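Chemist: Before we start, here is the structure in question, set down as structure tokens.
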């Protein structure tokens, strides 16, 4: 085999960090891992010690132990020791020999990315090698070592997320025996990783839900043995999420139901009828800085909405919406309609006077102009309009005072980007308020052109009425449908439409460039050609040609191609895309509506929780259990007050 290379031999010890760091910056993640592991295997083949550890060659290891030049602390390409290699290949005998020859190796971590901080104990746990875990613990392996490398972080690039501590590794692989061993050797079940996640948080994120529930129960059985005032289940991570809330955000319905079973208490049973009490701690929004319902609804994971269909969340949302949300929404909607009617009347009866100057162009059709500020508020009708304008401005200021603090509290991307939370409507109402204020400034400064912000404000203000449709189960999902069509189907379609219109409008303009504009006004200049082609695209107008005169030959060819591409192909493509969106949303209408009303139902009762009793919320659900005579489950519910 030859002697083991001396400690200073080879370029592997110092240059690895900058080399691998450069590789990780410049290339894709998969290439990072492939190249890193290729370097690792190359280094193992070059080192007699690492090769012997890999092949479990005890004879070679004993010879190397007798060699005074052999450095048992030498490392591979990723900064791993021979003990790491032996653990990686489940070589118990080689690992034992190495621990006896160099006891310090037991606590040595891997030095380089992507496996920084990994010890032999981490590797043995992942491989579920119980005997090796026992041997490592017997030789003093640290149960609090943290694996912080890129391969162990929670990232879309990583297929697994086991946390950083050995205990979380053991829980995630589902080894009850190793979990007990680690706790017996002093592992802290409350240890948190760099994201603040405890082992319970990490179990919530595991794909195998069955053993995750089993490990969850096992770990909770060890809670309460110390002097901790806060239960392990109540420890939040750095995002303020407890394991229960994290299950809701991730849409982990299996774990959510498992946790709810622990909060359930059967009050009475009468034949097939059972009355069950559910503890609503962390579900009810009273006293919670992070509302569970809002967290679930605003989650980026589609599965999270399924939590709203689970008992008792479904019953709680229905109760709060019917008792608090619906009346509030109806009153707010009625007030908003009156407000918009007031604003519309002020715009219709805005101060105008006959134009004083003569028209300078034959196409100028303006006969009225805006009055000056001194002339705008003179008559009794003007004073009445002034009252309405003051109400409009006051409403716009109130809207901004309510919306802007929420932007800073929630974050702009989340506030405007969540369709379920009414994100686009927040953009509409804020823009409306700014347009009203711009109109006011232009009126006060006698600036011409107030019709621009005024007309925009009218369109935006009345479009915002659709926001109140979410208060009705029949109309609510349609607002989601419209938003998805606008920001999904139409946005994609508009790019294609713009290209087609630009190309054909240019062609039409060039074709009619030599013709008399009096005979064909649709293409007399380029902007008009663009607009006419847009109307033609939407079939608002027919072929814009004067057939009483000779037309250029290319017009017929170009118009035929345009009719086929625009009318027959692209418009039908848009209709098909919208039909697909309608079909998808229609299948989720009940789920979407419940998601729409959940944030409002939770937020509206922050100051008046009727189901809060002595600091703990409970809900009673009575239902018929299915038996031989009952093929379905009938659910009735009521919120218990004064239990």
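In UniProt numbering, the protein residues as written are 1 to 643.
Glycine residues also receive a C-beta, built at the ideal position from the N, C-alpha and C atoms.
Everything numeric in this text was worked out from a predicted model, so none of it was measured.
Output the distance between the C-alpha atoms of residue 471 and residue 258, rounded to the nearest integer angstrom.
Modeler: For the purposes of this step, residue 471 is taken as residue 471 along the chain shown, with counting starting at 1. For the purposes of this step, residue 258 is taken as residue 258 along the chain shown, with counting starting at 1. In a straight line, the C-alpha of residue 471 is about 32 Å away from that of residue 258.
Chemist: Identify the residues that DSSP records as bridge partners of residue 455: which are they?
Modeler: Locating residue 455 in the chain shown gives position 455, where the first residue counts as 1. Paired residues: none, contrary to the question.
Chemist: Suppose you measure from the CA of residue 145 to the CA of residue 31; what does that come to, to the nearest Å?
Modeler: Start at 1 with the first residue of the chain shown, and residue 145 comes out as number 145. Start at 1 with the first residue of the chain shown, and residue 31 comes out as number 31. Cα to Cα, residue 145 sits roughly 28 Å from residue 31.
Chemist: Using the rule of at least 16 other Cβ atoms within 10 Å of the residue's Cβ for burial, across every protein chain shown, is residue 133 buried or exposed?
Modeler: Mapped onto the chain shown, residue 133 falls at position 133. Residue 133 comes out buried.
Chemist: Is the stretch 524–531 in contact with the stretch 500–509, if contact means three or more CB pairs nearer than 8 Å?
Modeler: Because the criterion of three Cβ pairs below 8 Å is met, the stretch 524–531 and the stretch 500–509 touch.
Chemist: Note down the Cα distance separating residue 540 from residue 573, rounded to an integer number of angstroms.
Modeler: For the purposes of this step, residue 540 is identified with residue 540 of the chain shown, where counting begins at 1. For the purposes of this step, residue 573 is identified with residue 573 of the chain shown, where counting begins at 1. Each residue's Cα considered, the two are about 18 Å apart.
Chemist: Going by the beta-carbon positions, is the gap between residue 120 and residue 181 smaller than 8 Å?
Modeler: Numbered from its first residue, the chain shown carries residue 120 at position 120. Numbered from its first residue, the chain shown carries residue 181 at position 181. No, the Cβ-Cβ distance between residue 120 and residue 181 is not below 8 Å.
Chemist: Grab me the residues of residue 253's own chain with a C-beta within less than 8 Å of its C-beta, minus the 5 sequence neighbours each way, in chain order.
Modeler: Position 253 of the chain shown, counted from the first residue, corresponds to residue 253. Closer than 8 Å at the Cβ level, and outside the excluded window around residue 253, lie 303, 306, 307, 310.
Chemist: Just verifying my parser: in three-state terms, what is the DSSP assignment at residue 291?
Modeler: For the purposes of this step, residue 291 is identified with residue 291 of the chain shown, where counting begins at 1. In the structure shown, residue 291 sits in coil (DSSP, three-state: anything other than H, G, I, E or B).
Chemist: Assuming residue 238 and residue 166 form a contact by the criterion Cβ under 8 Å, report the distance between their Cβ atoms to the nearest whole angstrom.
Modeler: Here residue 238 refers to the residue found at position 238 when the chain shown is read from its first residue. Here residue 166 refers to the residue found at position 166 when the chain shown is read from its first residue. Not confirmed; about 21 Å, so no contact.
Chemist: Check the DSSP bridge columns for residue 368 and list the partner residues they point to.
Modeler: In the chain shown, counting from the first residue as 1, residue 368 sits at position 368. In DSSP, residue 368 forms a bridge with 354.
Chemist: Check whether the stretch 314–332 touches the stretch 341–360, taking contact to mean three or more Cβ pairs, one atom from each stretch, closer than 8 Å.
Modeler: With the cut-off at 8 Å, the stretch 314–332 and the stretch 341–360 do not touch.
Chemist: Assign residue 217 to one of two classes, buried (16 or more other C-beta atoms within 10 Å of its C-beta) or exposed (fewer than that).
Modeler: Here residue 217 refers to the residue found at position 217 of the chain shown. The residue is exposed, with fewer than 16 neighbouring Cβ atoms inside 10 Å.
Chemist: Does the distance from the CB of residue 151 to the CB of residue 158 come in under 8 Å?
Modeler: Locating residue 151 in the chain shown gives position 151, counting from the first residue. Locating residue 158 in the chain shown gives position 158, counting from the first residue. Cβ distance < 8 Å, so residue 151 and residue 158 count as in contact.
Chemist: Would you list the residues sitting across from residue 270 in a DSSP beta bridge?
Modeler: The residue labelled residue 270 in the question sits at position 270 within the chain shown. DSSP lists 273 as partners of residue 270.
Chemist: Can you check whether the CB of residue 233 is closer than 8 Å to the CB of residue 280?
Modeler: On the chain shown, position 280 is the one that residue 280 refers to. On the chain shown, position 233 is the one that residue 233 refers to. It is not a contact, given that the beta carbons lie outside the stated cut-off.
Chemist: Straight-line CA distance for residue 537 to residue 38?
Modeler: In the chain shown, the residue the question calls residue 537 occupies position 537. In the chain shown, the residue the question calls residue 38 occupies position 38. Approximately 58 Å between the Cα atoms of the pair.
Chemist: Run through DSSP, which three-state label would residue 56 get?
Modeler: Here residue 56 refers to the residue found at position 56 when the chain shown is read from its first residue. In this structure, residue 56 counts as coil in the three-state DSSP scheme.
Chemist: According to the neighbour-count rule (16 or more other Cβ atoms, all chains shown, within 10 Å of its Cβ), is residue 312 buried or exposed?
Modeler: Working through the chain shown from its first residue, we reach residue 312 at position 312. Flag for residue 312 reads buried.
Chemist: Note the first and the last residue of the continuous alpha helix (DSSP H) segment covering residue 213.
Modeler: By 1-based counting over the chain shown, the position of residue 213 is 213. Run containing residue 213: 209–221, per the alpha helix (DSSP H) assignment.
Chemist: I'd like the span of the alpha helix (DSSP H) that includes residue 495, first residue to last.
Modeler: Your numbering for residue 495 matches position 495 in the chain shown. Note, residue 495: alpha helix (DSSP H), 491–511.
Chemist: Within 10 angstroms of the Cβ of residue 240, are there 16 or more other Cβ atoms? Answer buried if so, exposed if not.
Modeler: Within the chain shown, the letter at position 240 stands for residue 240. By the neighbour-count rule (16 or more Cβ atoms within 10 Å), residue 240 is not buried but exposed.
Chemist: Mark residue 369 as exposed unless 16 or more other C-beta atoms lie within 10 angstroms of its C-beta, in which case mark it buried.
Modeler: Here residue 369 refers to the residue found at position 369 of the chain shown. The residue is exposed, with fewer than 16 neighbouring Cβ atoms inside 10 Å.
Chemist: For the candidate residues 481, 484, 431, 220, whose alpha-carbon lies nearest to that of residue 464?
Modeler: Taking the first residue of the chain shown as position 1, residue 464 is located at position 464. It is 431.
Chemist: Which whole-angstrom value is the C-beta distance of residue 466 and residue 582, which I expect to be below 8 Å?
Modeler: Walking along the chain shown from the start, residue 466 turns up at place 466. Walking along the chain shown from the start, residue 582 turns up at place 582. Not really, about 16 Å apart at Cβ, beyond 8 Å.
Chemist: For residue 174 versus residue 208, is the C-beta spacing smaller than 8 Å?
Modeler: Counting from 1 along the chain shown, the entry for residue 174 is found at position 174. Counting from 1 along the chain shown, the entry for residue 208 is found at position 208. Taking 8 Å as the Cβ cut-off, residue 174 and residue 208 qualify as a contacting pair.
Chemist: How about residue 644 and residue 247: are their beta carbons less than 8 Å apart?
Modeler: Residue 644 lies beyond the residue range present for the chain, which begins at 1 and ends at 643; the question has no answer from this structure.
Chemist: When the distance is taken between beta carbons, is residue 468 closer than 8 Å to residue 336?
Modeler: Walking along the chain shown from the start, residue 336 turns up at place 336. Walking along the chain shown from the start, residue 468 turns up at place 468. Yes; because the gap between Cβ atoms is below 8 Å, this pair is in contact.
Chemist: Given a cut-off of 8 Å, decide if residue 402 and residue 435 are closer than it, judged by their beta-carbon atoms.
Modeler: Stepping through the chain shown from its first residue, residue 435 is reached at position 435. Stepping through the chain shown from its first residue, residue 402 is reached at position 402. No, the pair does not count as a contact, with Cβ atoms beyond the cut-off.
Chemist: Since I believe residue 52 is in contact with residue 64 (beta carbons under 8 Å), could you give me their beta-carbon distance rounded to a whole number of angstroms?
Modeler: One-based indexing of the chain shown puts residue 64 at position 64. One-based indexing of the chain shown puts residue 52 at position 52. Contact holds; Cβ gap of about 7 Å.
Chemist: Put residue 176 into one of helix, strand or coil per three-state DSSP.
Modeler: Locating residue 176 in the chain shown gives position 176, where the first residue counts as 1. Here residue 176 sits in helix by DSSP.
Chemist: Can you tell me whether DSSP reads residue 646 as helix, strand or coil?
Modeler: Absent from the structure is residue 646, since the part of the chain shown begins at 1 and ends at 643.
Chemist: Decide if residue 103 is buried, meaning its Cβ has at least 16 other Cβ atoms within 10 Å, or exposed.
Modeler: Along the chain shown, read from residue 1 onward, the residue named residue 103 stands at position 103. Residue 103 is exposed by the Cβ-count criterion.
Chemist: If you run the structure through DSSP and keep just helix, strand and coil, what is residue 416?
Modeler: Position 416 of the chain shown, counted from the first residue, corresponds to residue 416. Residue state, collapsed to three classes: helix.
Chemist: Around the Cβ of residue 155, are there at least 16 other Cβ atoms within 10 angstroms (buried) or fewer (exposed)?
Modeler: Numbered from its first residue, the chain shown carries residue 155 at position 155. It is exposed - the Cβ of residue 155 has fewer than 16 other Cβ atoms within 10 Å.
Chemist: Rounded to whole angstroms, what's the CA-CA distance from residue 412 to residue 429? Just pull it up for me.
Modeler: Numbered from its first residue, the chain shown carries residue 412 at position 412. Numbered from its first residue, the chain shown carries residue 429 at position 429. Rounded to whole angstroms, residue 412 to residue 429 spans 15 Å at the Cα level.
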